[in-house]
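Everything on this sheet refers to the single structure shown next.
In UniProt numbering, the protein residues as written are 1 to 123.
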């Protein structure tokens, strides 16, 4: 069955669980559905770019969705590290008028650690 015969809505209904699977497999907490949305965009891109002669569509979906989520994790970690670094610099450069740095409490920014499923183990 070619792409022209199946609408994206049908593909989505058949593969929505695939997005949830990767969120779970990568140990992602997704309260705002950010990763789900990213997975949905990845599925759309995979649907649009799929070449039947290069393998099964499901494999291509898995590859595209998983890698897009890993990219988002890396992007968020990099942003969190930058923010933490700038917050630390800001705290150490504040002067209280006596030549001593003033300690300003800055909310700790969690960094997403580890990506489940990338370290080997069960497949």
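Don't be surprised by glycine CBs; every beta carbon is placed ideally from N, CA and C.
C-alpha gap between residue i and residue j, whole angstroms
i          : j          : result
residue 69 : residue 90 : 31 Å
residue 7  : residue 88 : 50 Å
residue 40 : residue 81 : 27 Å
residue 12 : residue 85 : 40 Å
residue 77 : residue 20 : 21 Å
residue 61 : residue 50 : 9 Å
residue 64 : residue 46 : 6 Å
residue 56 : residue 26 : 22 Å
residue 31 : residue 58 : 26 Å
residue 33 : residue 53 : 33 Å
residue 75 : residue 48 : 24 Å
residue 28 : residue 79 : 17 Å
Nearest residue (CA-CA) to residue i, options the options
i          : options        : result
residue 43 : 15, 29, 77, 76 : 15
residue 72 : 53, 36, 18, 17 : 36
Nonlocal neighbours in the same chain, by C-beta distance under 7 Å from residue i, ignoring five residues either side
i          : result
residue 9  : none
residue 18 : 61, 62, 65
Same chain, Cβ closer than 6 Å to residue i, neighbours up to 5 away in sequence not counted
i          : result
residue 22 : 65, 66, 69
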